[in-house]
Amino acid sequence: MQIAANTVVSLMYKLTNHTTGEQIEITDETNPLVFLYGVGSLIPDFEANLSGKTTGDAFDFSIEAANAYGVPSEEEIVMIPSNVFHDEHGHFDTEMFQVGALIPMSDGQGHQMRGRILEITDDVVKMDFNHPLAGTDLHFEGSILEIREATADEISHGHAHGPHGHQH
Ligand SMILES: [Zn+2]
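Numbering (the numbering used here), first residue to last: 563 to 730.
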């Protein structure tokens, strides 16, 4: 079977920084990446590079930052009034809120995101909401472990089920 729309793909890969060679993430046979192909759940260029591959095939490709997690934007660096972080007693938790900490936040529309604290002053906290991999050229190498037809349920849900997929 070949990788195409409405197949569920199981693969292992090593993700490295294409420029420095530094390892970012690794998956293996015991903990593979399993996903429904062709529904846009992954980086489009990642899926495009896997199109037509069959079980056992190896892959080795890179994706420029702009086509992966984007390039860092100044607009994603924001100043937030310190009192937003105060507890019910008006205190600032200096243990939780430190420079370098990743803080879960939600915007006005309830979207969840994480920001990294760059600087803390008495009045404001400067936070960076860029994706941690923004600006990084990615390199993937790995192999295809399994390909199967997606079930009707998986297609209607838009994700893979099973041990390494959604379990519900
Ligand atoms: Zn489901």
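Heads up, the beta-carbon is just placed ideally off N, CA and C, and yes, glycines get one too.
When C-beta atoms of the stretch 617-625 are compared with those of the stretch 692-705, three or more pairs fall below 8 Å, so the two segments count as touching.
The stretch 683-697 makes no contact with the stretch 590-604: fewer than 3 CB pairs, one atom from each, lie closer than 8 Å. Placement of the Cβ of His719 at a distance of less than 8 Å from at least one heavy atom of ligand 1 is found. Here the distance from the Cβ of Glu711 to the nearest heavy atom of ligand 1 is not below 8 Å. In the structure shown, His693 falls within a coil segment according to DSSP collapsed to helix, strand and coil. Taking 8 Å as the cut-off, the C-beta of His726 does not count as close to any heavy atom of ligand 1. Leaving aside the five residues that flank Gly720 on each side, the residues in its chain whose CB is nearer than 6 Å to its CB run, in chain order, Val601. For Leu612, the enclosing alpha helix (DSSP H) covers residues 606-612.
In this structure Ala663 is not in contact with Thr569, their Cβ atoms being roughly 40 Å apart against a cut-off of 8 Å.
Cβ neighbours of Gly697 within its own chain (closer than 6 Å, five residues either side excluded): Ala627, Val633, Pro634. Straight through space, the alpha carbons of Ala567 and Ile717 are spaced by roughly 10 Å. The nearest non-hydrogen atom of ligand 1 is less than 8 Å from the C-beta of Glu716. According to the DSSP assignment, Ser572 belongs to the beta strand (DSSP E) that extends over 569-579.
At least one heavy atom of ligand 1 is found less than 8 Å from the C-beta of His723.
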